[in-house]
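Engineer: Sharing a structure, written as structure tokens. Questions coming.
There are 2 protein chains.
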Amino acid sequence: MRAKTSAALNRSELEEELRAIGRRRYHDRHPFHELLHNGQLGRGQVQAWALNRFYYQRSIPKKDAALISRADSAELRRVWRQRLADHDGDEPGHGGIARWLNLCAAVGLERRKVESLDGLLPATRFAVDAYVHFVREKSLLEAVASSLTELFAPDIIADRMRGMLAHYDFVSNEAMAYFDRRLTEAPRDVDFALEWVLERAETVEQQESVLDALRFKCDVLWAQLDALYHAYVDPGHIPPGAFAPQDESTDRPRRYR
Amino acid sequence: MRAKTSAALNRSELEEELRAIGRRRYHDRHPFHELLHNGQLGRGQVQAWALNRFYYQRSIPKKDAALISRADSAELRRVWRQRLADHDGDEPGHGGIARWLNLCAAVGLERRKVESLDGLLPATRFAVDAYVHFVREKSLLEAVASSLTELFAPDIIADRMRGMLAHYDFVSNEAMAYFDRRLTEAPRDVDFALEWVLERAETVEQQESVLDALRFKCDVLWAQLDALYHAYVDPGHIPPGAFAPQDESTDRPRRYR
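Pasting the structure below:
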């Protein structure tokens with residue numbers, strides 16, 4: 001971490017600092033993803049992941065709309081509006097959230113149950129809501145910067161698709177359509193956001209705020225996997241009221257401990 | 001859980017439903033507290049608990065001020081103002097937050113480091129901020145109801161004081177002054193809040209919202225212990241940037257895994 005008294009970075013130095021945060025803190029380094037991508041999770045654990053991540057997916061357009069509502073520039077609003085369209089689609093059954101629900105169905109979750117948010121880990125809700133509040137309350141520069149985890153997304157998405165298709169018989173190409181689409185959407189979105197941030201983060205203070213925003217967002221993603229790991233892997237302490245996977249062999253709620 | 005169509009409860013039934021939530025979901029049932037109270041944690045783990053819980057302590061007056069700022073009744077504002085005084089004191093070095101910092105010092109943490117929030121678990125911040133946002137954004141009835149976890153506090157506080165004093169040589173009576181004070185403050189606060197809620201939660205909808213508010217608050221407390229357990233007990237995955245206790249035997253950062 002740079003001392004607060006150092007001089008401002010040039011554009012390529014700032015971009016490198018942003019990428020360095022990703023190398024240290026992005027959730028591709030989390031052990032839950034290793035298990036997920038290497039086929040080391042049971043169906044109930046994959047269900048818990050899909051169910052909880054649904055809350056993230058459904059909240060993203062609210063986050064993006066909050067950002068648009070704060071932008072004075074028609075260009076920024078216009079470009080960011082594409083994200084709303086990507087997630088919500090142009091009609092029912094289309095868009096990223098609908099594709100995520102298809103993935104949930106493919107792993108054996110009832111669509112209505114997923115949408116009800118019943119059984120969501122409280123920690124998922126707290127982390128995701130923190131992201132929405134961050135974008136509502138921090139500076140617009142920080143709000144845009146917090147989206148830059150997408151710099152690191154293409155690698156993890158490609159790994160995930162390869163790994164999940166290879167290892168889980170309940171995961172099909174069709175179920176992976178969400179990620180397939182994100183492989184083209186995320187780089188397009190992040191090119192614009194990165195350029196926008198590098199252009200405007202000129203002072204040391206602005207640059208620190210941008211780096212902190214990206215650290216914050218990495219924490220939001222990481223905390224979601226910590227909570228899944230704690231509840232459904234090791235030690236398997238499912239919090240009161242949270243989703244309890246069925247044990248496939250007995251059809252009874254599975255206890256991880 | 002009651003069906004949404006059932007009739008409204010009378011006062012004593014509603015109180016019983018509230019108490020039943022505590023019996024199932026209050027964090028005295030969490031395994032981290034069992035370890036803490038039975039002397040099964042090392043000093044570094046107790047430090048992690050004190051450091052993270054500091055963020056909860058320091059946020060409580062902000063939560064209480066948010067509630068006061070929404071109250072139309074001078075009586076509610078007046079009674080609730082006592083909580084601000086309890087936490088912030090009448091001069092520097094007094095009040096609950098100062099007492100919590102004394103506890104942190106007693107377990108070997110640097111005061112300035114604790115106050116900097118450096119090393120705080122992101123999940124702690126997300127859970128506590130969710131509580132502050134809840135009180136700002138939900139109905140006043142829900143905001144007051146979310147304080148009712150104090151119904152269940154005296155037992156856990158007494159257990160904790162007894163257990164921690166018996167088991168940890170770095171914990172003194174003086175360090176426990178925070179809890180000692182809460183033994184008289186919490187019951188006084190909660191008597192008023194419970195009465196206020198029982199008086200106003202008349203319809204089924206209001207009663208459901210009150211019960212949900214208490215469940216939410218139990219989740220806020222529980223999630224903080226889940227995060228501590230995950231990072232510092234089992235499997236001991238400390239998230240990037242979070243507090244890493246020193247290993248007492250080597251004076252090097254301790255790795256739990």
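Sequences listed follow chains A and B, in order.
Counting in the UniProt record's numbering, the first sequence runs from 1 upward without gaps.
Counting in the UniProt record's numbering, the second sequence runs from 1 upward without gaps.
Here a beta-carbon is modelled for each residue, glycine too, at the ideal position from N, C-alpha and C.
All values derive from a computational prediction rather than experimental measurement.
Which residue comes first and which comes last in the alpha helix (DSSP H) that contains A:Y232?
Structural biologist: 204–232 is the span of the alpha helix (DSSP H), which, as asked, contains A:Y232.
Engineer: Between A:W222 and chain B, is any beta-carbon pair separated by less than 9 Å?
Structural biologist: With 9 Å as the cut-off, A:W222 counts as an interface residue toward chain B.
Engineer: Whole-angstrom Cβ separation of A:Y168 and A:G39, contact assumed at under 8 Å?
Structural biologist: Indeed they touch by this definition, with Cβ atoms about 6 Å apart.
Engineer: So which of A:E13, A:R11, A:R19 has the shortest CA-CA distance to A:S147?
Structural biologist: The shortest C-alpha separation from A:S147 is found at A:R19.
Engineer: For a cutoff of 9 Å on Cβ pairs, would you count B:F216 as touching chain A?
Structural biologist: So yes, B:F216 belongs to the interface.
Engineer: Flag this pair as yes or no: are the beta carbons of A:A227 and A:A85 separated by less than 9 Å?
Structural biologist: It is not a contact, given that the beta carbons lie outside the stated cut-off.
Engineer: Rounded to whole angstroms, what is the Cα-Cα separation between A:R112 and A:R58?
Structural biologist: Approximately 14 Å, taken between the alpha carbons.
Engineer: In chain B, which residues lie less than 8 Å from A:F152 when you measure between Cβ atoms?
Structural biologist: Here the premise fails: no neighbours, minimum Cβ distance about 13 Å.
Engineer: Starting from A:Q40, follow the alpha helix (DSSP H) in both directions and report where the run begins and ends.
Structural biologist: Segment: none, A:Q40 is in no alpha helix (DSSP H) and carries neither H nor E.
Engineer: By a C-beta neighbour count over all protein chains shown, 10 Å radius and 16 as the cutoff for buried, is A:T184 buried or exposed?
Structural biologist: Classification of A:T184: exposed, given that the 10 Å Cβ count is below 16.
Engineer: What is the DSSP secondary structure of A:R174, counted as helix, strand or coil?
Structural biologist: Before going on, a small fix: residue 174 of chain A reads as Glu here, not Arg. Looking at A:E174 - three-state DSSP - the assignment turns out to be coil, as it is neither helix nor strand.
Engineer: What does a CB cutoff of less than 7 Å around B:H30 pick up in its chain, not counting 5 residues either side in sequence?
Structural biologist: Hits under 7 Å: W222, L225.
Engineer: For A:P239, go through chain B and note every residue whose CB falls closer than 8 Å to its CB, in chain order.
Structural biologist: Those are D219, W222, A223, D226, listed as they occur along chain B.
Engineer: So which residues of chain B does A:P245 contact, with C-beta pairs closer than 8 Å?
Structural biologist: What A:P245 touches in chain B: nothing, since even the nearest Cβ is about 17 Å away.
Engineer: Starting from A:I157, follow the alpha helix (DSSP H) in both directions and report where the run begins and ends.
Structural biologist: Element bounds for A:I157: 153–167.
Engineer: Residues of chain A with CB under 9 Å from B:P31, in chain order?
Structural biologist: Under the 9 Å cutoff, chain A gives P235, H237.
Engineer: Relative to the alpha-carbon of B:W80, which residue among B:G93, B:K63, B:G96, B:E91 has its alpha-carbon at the smallest distance?
Structural biologist: Per the Cα distances, B:K63.
Engineer: Are there 16 or more other CB atoms within 10 angstroms of the CB of B:R257, so buried, or fewer, so exposed?
Structural biologist: For B:R257, the pLDDT reaches just 45, beneath the cut-off of 50, and the residue's location in the model is therefore unreliable, although a value from the coordinates is still provided. By the 10 Å Cβ count, B:R257 comes out exposed.
Engineer: Strictly below 8 Å CB to CB, what residues from chain A border B:Y229?
Structural biologist: Within chain A, the residues near B:Y229 are H230, P235, H237.
Engineer: Grab the span of the alpha helix (DSSP H) containing B:K113 for me, first residue to last.
Structural biologist: Residues 111–116.
Engineer: When the Cα atoms are used, what is the spatial distance from B:Y232 to A:H27?
Structural biologist: Answer to the nearest angstrom: the Cα atoms are 19 Å apart.
Engineer: B:P92 versus chain A: which residues are under 9 Å apart at the beta carbon?
Structural biologist: The premise fails here: B:P92 is roughly 26 Å from chain A at the closest Cβ pair, so nothing lies under 9 Å.
Engineer: Relative to chain A, which residues along the segment 109–126 of chain B have a C-beta separation below 9 Å, given in chain order?
Structural biologist: Hits within the stretch, in order: L121, P122, A123, R125, F126.
Engineer: Using the Cα positions of B:Q82 and B:R181, report the straight-line distance between them to the nearest angstrom.
Structural biologist: Spanning the two alpha carbons is a distance of roughly 14 Å.
Engineer: Once the 5 residues before and after A:E15 are set aside, which same chain residues still bring their CB inside 8 Å of it?
Structural biologist: Contacts found: L194, L198.
Engineer: So, is the C-beta of A:D129 closer than 9 Å to a C-beta in chain B?
Structural biologist: Yes, A:D129 lies at the interface with chain B (some Cβ there is under 9 Å from its Cβ).
Engineer: State yes or no: is the beta carbon of B:H37 nearer than 9 Å to at least one beta carbon in chain A?
Structural biologist: Judged by the 9 Å Cβ criterion, B:H37 is not in contact with chain A.
Engineer: Is the Cβ of B:K62 closer than 9 Å to any Cβ of chain A?
Structural biologist: Not an interface residue.
Engineer: From what residue to what residue does the alpha helix (DSSP H) around A:G22 run?
Structural biologist: First-last of the alpha helix (DSSP H) with A:G22: 11–25.
Engineer: Against chain D, which members of the segment 3–25 of chain A pass a CB distance test of less than 8 Å?
Structural biologist: The structure shown contains no chain D; the protein chains it does contain are A and B.
Engineer: Return helix, strand or coil for A:P235, following the three-state DSSP convention.
Structural biologist: Three-state DSSP puts A:P235 in coil, outside helix and strand.
Engineer: Can you tell me where the alpha helix (DSSP H) with B:E75 in it begins and where it stops?
Structural biologist: Start and end: 74–88.
Engineer: Please report the straight-line C-alpha distance between B:V171 and B:P61, rounded to a whole angstrom.
Structural biologist: Each residue's alpha carbon lies about 26 Å from the other.
Engineer: Can you check which of these residues, B:H133, B:F126, B:F32, is closest to B:G236 by C-alpha distance?
Structural biologist: Residue B:F32 is the option with its Cα nearest to B:G236.
Engineer: Return the first residue and the last residue of the alpha helix (DSSP H) that A:T124 is part of.
Structural biologist: 122–137 is the extent of the alpha helix (DSSP H) around A:T124.
Engineer: To which residues of the same chain is A:R77 closer than 7 Å at the C-beta, ignoring the five residues directly before and after it?
Structural biologist: Excluding positions up to five away in sequence, the list reads I68, A71.
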